[in-house]
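To start, the structure under review is shown below, and the notes come after it.
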Amino acid sequence: MADKGWELYYHPLAGRGEFVRLLFEESGVPFTEINDDMRSKIMEGSFQLSNTPVICKYLGKKFGLYPENEEDEWHAEQVNATVHDYIAEGRLAFHGRNPVESYYTQKQETAPYIARFVAERLPRWLKYFERVLRENNGGQGFVVGSKLTYVDLGLFHVLRATESQFPEAWKENSKNIPLLHGFKKRIEERPNIAGYLKSDRWRGFEGNRMADDGWQLYYWPLAGRGEFVRLLFEESGVPYTEINENIREKIIQGEMSGYPVFAPPLIKKGSFQLSNTPVICKYLGKKFGLYPDNEEDEWHAEQVNAIVHDYLGEGCLSFHGINPMASHKSQKEETQPYIKRFVTERLPRWLKYFERVLKENNGGEGFVVGNKLTYVDLGLFHILRTTEAQFPEAWKENAGNIPLLIAFKKRIENRPKLVAYLKSDRWRGFEGNSMMGNMPSYVTLFTPKNNLQRSQ
Ligand SMILES: N[C@@H](CCC(=O)N[C@@H](CS)C(=O)NCC(=O)O)C(=O)O
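Numbered per full-length UniProt numbering, the sequence shown finishes at 456, counting up by one with no gaps.
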């Protein structure tokens with residue numbers, strides 16, 4: 001049996017995984033990253049280990065990045081634990097209301113926690129690490145002893161995360177931490193570390209929580225097309241943050257830099273950004289392992305994905321038949337015949353088509369293509385839900401023609417991660433119009449001055 005070597009299971013972002021990556025990189029030990037399994041751990045053969053400070057100590061010992069005497073061993077362990085306490089406290093400041101909820105949905109409430117962390121706690125931690133460093137060889141070398149150990153790499157990472165997350169505070173505190181500055185520079189210049197940080201294996205710090213440059217979803221604060229994207233993140237367990245503010249300025253008015261975006265949704269990770277929903281879905285499907293296993297299935301999935309999005313586009317437009325950029329409310333009366341025609345003539349045709357698609361694979365008992373869930377299943381799932389929510393009568397009337405779709409919807413709905421998502425407050429509900437869901441009244445998508453109102 002081929003030895004798979006070391007594997008690191010972590011989210012596809014810097015975060016706590018970075019402590020572990022630095023150990024592999026500095027030691028030149030090859031490792032494989034598995035980013036679609038979200039249980040953070042390392043594995044070698046059947047051995048697995050989790051909890052970052054413990055992993056660091058373990059790998060330090062394995063890779064010779066370990067103190068040489070017992071007292072140093074314990075001091076390294078003390079500092080290692082304190083380094084991880086610091087990152088955990090900093091991260092929690094961003095999630096003061098709920099540690100497992102996105103920072104962006106608690107941004108306002110947590111602003112005072114973050115401010116307190118930066119003003120009161122961060123300087124205290126930094127001064128403490130400065131004292132630790134001074135204690136050994138006047139701060140000219142390493143945390144303990146006279147060679148690099150795992151704890152140096154941990155300290156190095158939190159210094160970098162601090163500078164990147166709080167550049168102002170970093171500057172303000174600089175005069176108190178000259179030794180830490182020198183230390184950070186020394187580690188940064190080590191050939192393996194310098195090589196790593198220049199490579200595309202280094203994922204960047206952009207983000208929040210002192211932890212990540214994870215995925216960001218830019219979209220209006222409603223279900224809409226963003227929902228296709230959310231389902232992919234949620235089913236894969238990949239963390240993402242939503243940016244719902246200033247979408248008009250950033251995207252519609254084109255203030256956002258990077259690869260040009262015509263309309264939201266947009267996903268962004270580091271400097272890479274991608275828009276147009278069916279394309280995003282295919283991309284994330286591929287990234288997260290929700291992708292067909294053979295070429296024919298690949299193309300069929302792409303076909304159905306495109307048709308799913310055509311359907312939503314056509315349904316949505318029937319609510320905006322007079323002016324696609326004006327609110328449905330402003331053209332409610334005139335569009336009634338368009339909506340009616342869509343419901344009586346088009347919707348049954350689309351649904352029957354999707355029923356045929358499903359039947360084509362395994363008699364409709366499984367997925368759209370192949371034997372496993374792919375991105376196109378989630379897309380189909382979403383438009384079935386939005387059809388039922390927007391047109392409950394038509395859904396009932398058509399039910400007799402789409403038994404496979406109804407069973408399919410139920411199967412997907414029962415997937416544990418989706419059950420949890422649809423119960424959480426991340427799920428924004430469907431109430432509203434245009435097959436898009438509700439627009440909170442405080443948001444105006446298009447400025448009155450452009451005469452392009454789209455809020456409901
Ligand atoms: N084909 C595009 C359509 C995007 C789109 O129409 N986005 C809507 C929100 S769901 C929007 O805000 N459009 C603004 C515009 O078209 O100017 C996609 O699937 O991403």
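Here a beta-carbon is modelled for each residue, glycine too, at the ideal position from N, C-alpha and C.
Since this is a predicted model, take the numbers as computed values, not measurements.
Do residue i and residue j have their C-beta atoms within less than 7 Å of each other?
i: Phe228; j: Gly379; result: yes
i: Ile243; j: Gln216; result: yes
i: Asn398; j: Leu351; result: yes
i: Tyr113; j: Gly90; result: no
i: Leu312; j: Ile383; result: yes
i: Trp6; j: Phe47; result: no
i: Phe63; j: Gly154; result: no
i: Tyr9; j: Lys41; result: yes
i: Ser275; j: Leu284; result: no
i: Leu122; j: Ile177; result: no
i: Ala301; j: Thr374; result: yes
i: residue 466; j: Val376; result: It is not possible to answer for residue 466, since the shown part of the chain is limited to 1 through 456.
i: Ala389; j: Phe430; result: yes
i: Pro260; j: Tyr218; result: no
i: Phe381; j: Ile412; result: yes
Considering only the alpha carbon of each residue, which of the options lies closest to residue i?
i: Val118; options: Glu172, Ile322 and Tyr103; result: Glu172
i: Ala93; options: Glu77, Thr82, Asp72 and Arg116; result: Arg116
i: Tyr128; options: Glu235, Ser146, Gly96 and Leu180; result: Leu180
i: Val79; options: Val132, Tyr338 and Glu345; result: Val132
i: Trp315; options: Arg225, Arg230, Leu290 and Phe166; result: In the sequence as presented, Trp is not what sits at residue 315; that position holds Gly. Nearest C-alpha to Gly315: Arg225.
i: Asp200; options: Gln331, Asn401, Glu25 and Asp293; result: Glu25
i: Val151; options: Arg124, Thr52 and Gly258; result: Thr52
i: Leu23; options: Gln331, Leu159 and Leu65; result: Leu65
i: Phe166; options: Phe205, Leu197 and Asn136; result: Phe205
i: Gly139; options: Glu101, Glu109, Val100 and Arg186; result: Arg186
i: Ala161; options: Pro191, Arg203 and Lys147; result: Arg203
i: Asn371; options: Leu290, Glu120, Glu413 and Arg349; result: Leu290
i: Arg346; options: Asn361, Asp310 and Arg248; result: Asp310
i: His157; options: Leu197, Glu168 and Lys175; result: Leu197
i: Phe272; options: Cys281, Gln253, Gly214 and Leu317; result: Gly214
i: Val83; options: Arg341, Glu130, Gln108 and Glu71; result: Glu130
What does DSSP give as the partner residues of residue i in its beta bridges?
i: Tyr240; result: Trp215
i: Lys269; result: Phe272
i: Leu49; result: Ile42
i: Phe31; result: Trp6
i: Gly432; result: Per DSSP, none; premise fails for Gly432.
i: Gly437; result: Asn433
In chain order, what residues of the same chain lie with their CB nearer than 6 Å to the CB of residue i, ignoring the 5 residues before and after it?
i: Asn208; result: Annotation note: pLDDT 48 at Asn208 (below 50); position unreliable, coordinate value reported separately. So the list reads Phe94 and Tyr103, once near-sequence residues are dropped.
i: Ala211; result: Since pLDDT at Ala211 reaches only 47, below the 50 mark, its modelled position is unreliable, and the value read off the structure follows with that caveat. Result list for Ala211: Gly15 and Arg91, in chain order.
i: Thr386; result: Met435
i: Pro67; result: Glu73, Ala76, Val144, Gly145 and Thr149
i: Met43; result: Glu7
i: Gly17; result: Tyr10
i: Glu33; result: Leu8
Who are the near neighbours of residue i in its chain, counting only those whose CB is closer than 8 Å to its CB and skipping five residues on each side?
i: Pro440; result: Because Pro440 sits at a pLDDT of 44, beneath the cut-off of 50, its placement in the model cannot be relied upon, and the following sentence gives the value as read from the coordinates. For Pro440, where only same-chain residues beyond five positions count, the Cβ hits under 8 Å are Pro221 and Leu222.
i: Ala306; result: Pro278
i: Glu334; result: Gly321 and Ile322
i: Thr110; result: Ala93, Phe94, His95, Gly96, Arg97 and Tyr103
i: Asn137; result: Ser146
i: residue 473; result: Here the chain covers residues 1 to 456 and nothing more, so residue 473 does not appear.
If I measure Cβ to Cβ from residue i and keep anything under 7 Å in the same chain, skipping five residues before and after, which residues do I get?
i: Tyr421; result: Glu234 and Trp427
i: Gly195; result: none
i: Tyr246; result: Before going further, note that residue 246 is Asn rather than Tyr in the sequence given. Once the five neighbours on either side are set aside, Asn246 has no close Cβ partner at all.
i: Leu404; result: Glu355, Leu358, Lys359 and Gly364
i: Tyr58; result: Leu49
i: Pro12; result: Asn35 and Val238
i: residue 466; result: Because the chain in this structure spans residues 1 to 456, residue 466 falls outside the shown range and cannot be described.
i: Asn98; result: Gln106
i: Ala81; result: Pro53
i: Asn361; result: Phe367, Val368 and Val369
i: Val343; result: Phe391 and Ala394
Which residues have their C-beta within less than 7 Å of a heavy atom of ligand 1, listed in chain order?
-> Trp220, Gly224, Arg225, Ile252, Phe262, Ala263, Pro264, Pro265, Ser275, Asn276, Thr277, Pro278, His309, Gly313, Met325, Met436 and Leu445
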